[in-house]
Amino acid sequence: MIRRKNIIKIAIDSPAAAGAGTLAKLLSKHYNLFHLDTGKIYRFIAYLKIKFPNKFSQNFLKSKIKSLKTKDLASKTLLSNNVSYEASLISKKKSIRKIVHSFQLNFAYNPPKKYKGSCLDGRDITYKIIPDADFKFYITANIKTRALRRFKELRKQNKKISYNEVLKSIKNRDKNDLNRKISPLKKTKDSLLINTTNLTKRACFLKIKKIIDKKLDINGNL
Ligand code: C5P
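At position 207 of the sequence shown (counting the first as 1) the number is 371 in the working numbering, and the numbers step up by one without a gap.
So, in structure tokens, the structure goes:
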């Protein structure tokens with residue numbers, strides 16, 4: 165695998181709906197980094213499993229991942245509650261994580277030339293995918309706040325779901341993600357903990373920007 169030298173690498177881990185995706189997007193735009201929301205890949209696989217239950221095999225998956233375009237990951241279908249839950253189930257499987265792993269490495273270490281680096285968010289980014297990241301963050305928020313944020317997001321998309329259903333689903337996913345044997349969600353010692361419960365998106369972005377800017381020169385390089 166090609167590894168570009170002197171690029172900025174940001175790794176973010178977080179439980180569901182803590183605001184990591186939004187933050188990663190804002191940071192990527194500001195620092196001109198290539199952004200990958202790795203949860204979307206697991207969601208895409210979960211979607212394939214639901215849509216093509218009879219075709220779902222290693223080879224089928226490998227070919228789908230190989231031809232995967234970033235626009236495939238932008239589909240709103242991937243945000244539904246059943247896709248979310250299925251994603252937290254299939255992501256426990258070693259064979260699936262292996263396929264996703266190499267795909268992620270390429271994004272992290274060899275982002276397209278027009279970008280100054282990469283920013284990935286997920287569950288195992290800080291210790292498995294980019295252990296040598298220049299900046300590592302663990303983003304969290306209390307569970308009720310996370311559920312409310314996801315509930316509002318789904319409501320905006322006209323999804324018929326109650327707050328309590330969303331809360332239950334997030335609790336189940338947390339349980340799966342934190343307790344699985346392979347690549348569980350955890351905060352590494354070298355990650356900075358950011359609790360977004362009482363922070364607006366902007367306040368959270370500015371807090372992290374301040375931390376990053378301290379390590380960059382006036383040209384925005386490491
Ligand atoms: O981040 P998001 O909620 O979209 O992730 C969906 C699911 O994909 C998570 O609940 C988790 O089980 C799985 N996931 C993972 N490892 C990652 C990113 C997501 O296991 N790096």
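Where a beta carbon is used, it is the ideal one built from N, C-alpha and C, also for glycine.
- For the pair Asn-343 and Asn-223, the Cα-to-Cα distance works out to about 28 Å.
- Nearest Cα to Asn-340 within the set Lys-257, Ser-355, Asn-270 and Lys-320: Lys-257.
- Here the alpha carbon of Ser-333 sits roughly 28 Å from the alpha carbon of Ala-367.
- Counting every other CB atom within 10 Å of its CB across the protein chains shown gives Gly-384 a total below 16, marking it as exposed.
- Short note on Ala-181: C-beta closer than 8 Å to some heavy atom of ligand 1.
- In this model, Val-247 and Ser-347 are separated by some 20 Å (Cα to Cα).
- In this structure the region 255-272 lies against the region 286-301, because at least three pairs of beta carbons, one per stretch, are closer than 8 Å.
- Exclusion of Asp-236 from the 8 Å shell around ligand 1 follows from its C-beta lying no nearer than that to any non-hydrogen atom of the ligand.
- A direct Cα-Cα distance of roughly 18 Å separates Asn-270 from Lys-300.
- Here Ala-180 has Ile-334 and Arg-337 as same chain residues with Cβ atoms under 6 Å from its own Cβ, once five neighbours each way along the sequence are excluded.
- Shown here, Asp-201 sits in a strand according to DSSP, grouped into three states.
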